[in-house]
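Per my numbering, the sequence shown starts with residue 240, numbered consecutively.
First up is the structure itself, then whatever we jot down about it.
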Amino acid sequence: MSGQGVSRTLTCRAYELCHNARRMTHSATSATARFVDAGAFGAWLARARDALRGQGGSDVPCGDCNGCCTSGYAIQVRPDDTRTLASVPARVLMPAPRLPPGNAMMIPHRNGHCPMYVGGQCSIYRNRPQTCLDYDCRIFSAAGIAAGGPDKVVINRRVDEWRFDYPTEADRCAHRAVQAAAAFIRDHGASFPGKRVPTAPTGIAVLAVKAYTVFLDVDVATRSAEELAAAIVRASRDFD
Ligand code: SF4
Numbered sequence: 240m241s242g243q244g245v246s247r248t249l250t251c252r253a254y255e256l257c258h259n260a261r262r263m264t265h266s267a268t269s270a271t272a273r274f275v276d277a278g279a280f281g282a283w284l285a286r287a288r289d290a291l292r293g294q295g296g297s298d299v300p301c302g303d304c305n306g307c308c309t310s311g312y313a314i315q316v317r318p319d320d321t322r323t324l325a326s327v328p329a330r331v332l333m334p335a336p337r338l339p340p341g342n343a344m345m346i347p348h349r350n351g352h353c354p355m356y357v358g359g360q361c362s363i364y365r366n367r368p369q370t371c372l373d374y375d376c377r378i379f380s381a382a383g384i385a386a387g388g389p390d391k392v393v394i395n396r397r398v399d400e401w402r403f404d405y406p407t408e409a410d411r412c413a414h415r416a417v418q419a420a421a422a423f424i425r426d427h428g429a430s431f432p433g434k435r436v437p438t439a440p441t442g443i444a445v446l447a448v449k450a451y452t453v454f455l456d457v458d459v460a461t462r463s464a465e466e467l468a469a470a471i472v473r474a475s476r477d478f479d
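Below, the structure written as structure tokens:
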């Protein structure tokens, strides 16, 4: 694809995403009349990037939402989640595929509930694993994408409800850049080296947060899809 073609695609896509986000806002307003304060976008983005570097966790105002406990996620339990490992029955753990030995997964029940979700709440809340402490569904709102399909309906509802603030124009530009990065990653998988790029919503949103700075560049519209994909890969390596 030529640089000019990518330029038009990206520019239009970014505007389209913002427009769709506004439309979603209006439909959510009439259907549920409920917003949830997600905080200032720039401050959230800085914390999310720190968390992806393993520096600090998320502080998510979940309120009464239990979406991440009931949406079919297999929950990673790391070797250093010692309090979790001491609290969880061995029968609900299985070795985590493609991860070093010692990593385990808690497999959800058929109804999508985590095996530790009992009586409408987490039965090991004080000892829950780092995976749960780090989970922040605002990342999907930031990226302008849904968390998934029908099994993620509860999370998708909250994703629609989050509302970021934009105290400065830089907050707004950063949000547009994250959304443009997510749209590019989703739509240009073939442009990445070896076509190695996330295709699931969580992976797309995480990579967009890591590499959004690529889309702050004033020259972004002149670069080919392959150049942008390579820049995204380079930016993401800062988090290795
Ligand atoms: S361990 Fe607790 S917080 Fe984590 S998914 Fe399961 S029920 Fe939810």
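Glycine is no exception: its CB is placed at the ideal position from the N, C-alpha and C atoms.
Nearest CA to the CA of residue i: which residue from the options?
i    : options             : result
W283 : D458, E465 and V448 : V448
T441 : G293, R476 and G388 : G388
Does the ligand SF4 have a heavy atom nearer than 6 Å to the CB of residue i?
i    : result
I314 : yes
C361 : yes
R317 : no
C308 : yes
M355 : yes
C371 : yes
R365 : no
Residue i by DSSP, collapsed to three states: which one?
i    : result
I346 : coil
L338 : coil
Y451 : helix
Is the beta carbon of residue i less than 7 Å from the beta carbon of residue j?
i    : j    : result
F280 : D399 : no
H427 : A464 : yes
V331 : T323 : no
G481 : G341 : Given that the chain is displayed from residue 240 to residue 479, the structure contains no residue 481 and the question cannot be resolved.
Y374 : C308 : no
Q369 : D289 : no
A385 : A444 : no
Got a sec? Which residues, its chain only, sit under 6 Å from residue i by beta carbon, not counting five neighbours each side?
i    : result
A313 : M344 and I346
R473 : none
F431 : A468
G306 : V393, I394 and R397
Can you list, in chain order, the residues of its chain whose CB lies under 8 Å from that of residue i, leaving out five sequence neighbours each side?
i    : result
A413 : F280, G281, L284, Y451 and L455
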